[in-house]
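Remarks on the structure that follows.
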Amino acid sequence: MGQMERRKGKRKTQSNSVSEEIVALLNTLRELAAIRTTAEDAATRILDSAEGLLTTKDDAEKAEEAILSIMTACSFHDLIGQRVAKITETLDQVIATSLGDDADEKAGSSVAKRPDITLEGPALPGSSQDQAGIDALFESKR
Amino acid sequence: MAFDPSMPVLVVDDYKTMVRIVRNLLKQLGFANVDEANDGNAALNMMREKNYGLIISDWNMEPMTGYELLREIRADDDLSRTPFIMVTAESKTDNVIAAKKAGVNNYIVKPFNAATLKSKIDAIFGEAS
């Protein structure tokens, strides 16, 4: 391979790497937006349930329903935690690449550990299955 | 599978908040005997010491994931028939299918509500819960 071809190949590799970094950073922005939505949804659900509790406190069944709704809304902690972990991992990889570390090698070792399943964590809105979709998937695969 | 509210249930999640949520929901459904583990390894060790009637597990945990726990359980003659519900944020179609193939009894995607958990337990044990 001539020197010119090698340079072209290197430029192409760098270009691919930059494109991948831009996609990763754009996904990170989407994750941040999703965190805001998750927190807002949870706060709304908690407030709605708490307000419901105030007006239905003499109805034990409805009060219990409101309390359970408040409890499950607290799962936002887990979802936001997983999204923040994804963002941290992405930024770590981008920084490592910028500093010239072998990020591919790091990713390779992770893949080697669990070759068959790639975990994605919480999906971005509209990009994956909801509970109804999963239920249908289960029914169809039975 | 027979429903017995006194049966031990094991909740596996690395987020304490989620364990508390699931534990409280189970209590409302009548389950009084609930243990917890914060990853697959810990859960597997506990299962080898005690017979659990139901496992409710997250997927994304270190060092052993819920999926790996499920596979370990299904490959173990003593544990393989234990009902297993995955409660996870993982909703990619391929992963749901992989869990199903590995023998998960039901699959709940986070965030979820009390009615969803109840319906999945009902689906395993019948309507008795």
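As you go down the protein sequences, you meet chains A and B in turn.
Counting in my numbering, the first sequence runs from 1107 upward without gaps.
Counting in my numbering, the second sequence runs from 27 upward without gaps.
Every residue gets a Cβ at the ideal spot worked out from N, C-alpha and C, and that includes glycine.
Task: Buried versus exposed call for residue 39 of chain B [16 or more other C-beta atoms within 10 Å across all chains shown] - done: Position 13 of the second sequence, counting from 1, holds the residue named residue 39 of chain B. With 16 or more other Cβ atoms within 10 Å, it is buried.
Task: C-alpha distance - residue 35 of chain B paired with residue 61 of chain B, whole-angstrom precision - done: Sequence index remark: in the second sequence, residue 35 of chain B carries index 9 (1-based). Sequence index remark: in the second sequence, residue 61 of chain B carries index 35 (1-based). Roughly 6 Å between the two C-alpha positions.
TODO: Can you have a look at residue 116 of chain B and say buried or exposed, based on whether 16 or more other CB atoms are within 10 angstroms of its CB?
DONE: Taking the first residue of the second sequence as 1, we reach residue 116 of chain B at position 90. It counts as buried.
Task: Where residue 51 of chain B meets chain A, residues with beta-carbon distance less than 9 Å - done: The residue labelled residue 51 of chain B in the question sits at position 25 within the second sequence. Per Cβ cutoff of 9 Å: 1174, 1177 and 1178.
Task: Through-space distance from residue 1155 of chain A to residue 1176 of chain A, alpha-carbon basis - done: Within the first sequence, residue 1176 of chain A is the residue found at index 70, counting from 1. Within the first sequence, residue 1155 of chain A is the residue found at index 49, counting from 1. Within the model, the alpha-carbon separation for residue 1176 of chain A versus residue 1155 of chain A is close to 6 Å.
Task: Distance CB(residue 55 of chain B)-CB(residue 136 of chain B) smaller than 8 Å - done: Here residue 55 of chain B refers to the residue found at position 29 of the second sequence. Here residue 136 of chain B refers to the residue found at position 110 of the second sequence. Against a cut-off of 8 Å, the Cβ pair of residue 136 of chain B and residue 55 of chain B comes out as no contact.
- [ ] Indicate whether at least one CB of chain B lies closer than 8 Å to the CB of residue 1213 of chain A.
- [x] Within the first sequence, numbered from 1, the residue matching residue 1213 of chain A stands at position 107. Only weak support is given to the placement of residue 1213 of chain A: the predicted model assigns it a pLDDT of 49, under 50, and the question is left unresolved by the model.
Open item on the list: Assuming the contact rule is C-beta atoms closer than 8 Å, residue 1185 of chain A and residue 1231 of chain A should be a hit. Round their C-beta distance to whole Å, please.
Closed with: One-based indexing of the first sequence puts residue 1185 of chain A at position 79. One-based indexing of the first sequence puts residue 1231 of chain A at position 125. Approximately 12 Å separates the beta-carbon atoms of residue 1185 of chain A and residue 1231 of chain A; this is outside 8 Å, ruling out the contact.
- [ ] Along the alpha helix (DSSP H) that carries residue 1077 of chain A, what are the first and last residues, could you check?
- [x] Look at the range of chain A in this structure, 1107 to 1248, and you will see that residue 1077 of chain A is not part of it.
Open item on the list: Strictly under 8 Å for the Cβ-Cβ distance: is residue 137 of chain B near chain E by that measure?
Closed with: As a matter of chain content, chain E is missing from the structure shown, whose protein chains are A and B.
- [ ] Kindly indicate which residue of B/88, B/74 and B/79 has the alpha-carbon position closest to the one of residue 131 of chain B.
- [x] Counted from its first residue, the second sequence places residue 131 of chain B at position 105. Closest by alpha carbon: B/79.
TODO: Please name the residue, chosen from B/31, B/127 and B/82, that lies closest to residue 47 of chain B on a Cα-to-Cα basis.
DONE: Here the question's residue 47 of chain B lines up with position 21 in the second sequence. Of B/31, B/127 and B/82, the residue nearest in Cα terms is B/82.
- [ ] Let me know the secondary structure DSSP gives residue 80 of chain B once reduced to three states.
- [x] Indexing the second sequence from 1 puts residue 80 of chain B at position 54. Reduced to three states, the DSSP call for residue 80 of chain B is strand.
Task: Any C-beta of chain B under 8 Å from that of residue 1236 of chain A - done: Sequence index remark: in the first sequence, residue 1236 of chain A carries index 130 (1-based). Any Cβ of chain B closer than 8 Å to the Cβ of residue 1236 of chain A would place that residue at the interface, and such an atom is present.
TODO: Could you name the residues of the same chain whose beta carbon sits closer than 8 Å to that of residue 94 of chain B, not counting the 5 residues immediately before and after it, in chain order?
DONE: Here residue 94 of chain B refers to the residue found at position 68 of the second sequence. Here the set comprises 66.
TODO: Report back the beta-carbon spacing between residue 58 of chain B and residue 72 of chain B to the nearest angstrom; my notes put them in contact at under 8 Å.
DONE: As a first step, residue 58 of chain B is located in the second sequence; it is residue number 32 there, counting from the start. As a first step, residue 72 of chain B is located in the second sequence; it is residue number 46 there, counting from the start. With 8 Å as the limit, residue 58 of chain B and residue 72 of chain B do not qualify as a contact, their Cβ atoms being about 17 Å apart.
Task: Proximal chain B residues relative to residue 1187 of chain A, where beta-carbon distance stays under 8 Å - done: Counted from its first residue, the first sequence places residue 1187 of chain A at position 81. Annotation: Cβ neighbours of residue 1187 of chain A in chain B (cutoff 8 Å, chain order): 41.
- [ ] Go through its chain and collect everything with a Cβ distance to residue 108 of chain B's Cβ below 8 Å, but skip five positions before and after it.
- [x] Stepping through the second sequence from its first residue, residue 108 of chain B is reached at position 82. These residues qualify, in order along the chain: 73, 78, 79, 80, 81 and 99.
Open item on the list: Can you check whether the C-beta of residue 156 of chain B is within less than 8 Å of a C-beta belonging to chain A?
Closed with: It is not possible to answer for residue 156 of chain B, since the shown part of chain B is limited to 27 through 155.
- [ ] Compute every distance between the C-beta of residue 1179 of chain A and the non-hydrogen atoms of the ligand ADP, then say whether any falls below 7 Å.
- [x] Ligands are entirely absent from the displayed structure, and the ligand ADP is therefore not among its contents.
- [ ] Using the Cα positions of residue 148 of chain B and residue 1197 of chain A, report the straight-line distance between them to the nearest angstrom.
- [x] Translated into the one-based positions of the second sequence, residue 148 of chain B becomes position 122. Translated into the one-based positions of the first sequence, residue 1197 of chain A becomes position 91. Distance between the alpha carbons of residue 148 of chain B and residue 1197 of chain A is about 43 Å.
TODO: With a 10 Å radius around its C-beta and 16 neighbouring C-beta atoms as the bar for buried, classify residue 1206 of chain A as buried or exposed.
DONE: Sequence index remark: in the first sequence, residue 1206 of chain A carries index 100 (1-based). Per the 10 Å Cβ criterion, exposed.
Open item on the list: Between which residues of its own chain and residue 92 of chain B is the CB-CB distance below 8 Å, once the five residues before and five after are set aside?
Closed with: Position 66 of the second sequence, counted from the start, is the residue given in the question as residue 92 of chain B. Cβ within range, chain order: 38, 66, 83, 84, 85, 86, 112 and 114.
Task: Any C-beta of chain B under 8 Å from that of residue 1231 of chain A - done: Position 125 of the first sequence, counted from the start, is the residue given in the question as residue 1231 of chain A. False, the Cβ-Cβ gap to chain B never drops below 8 Å.
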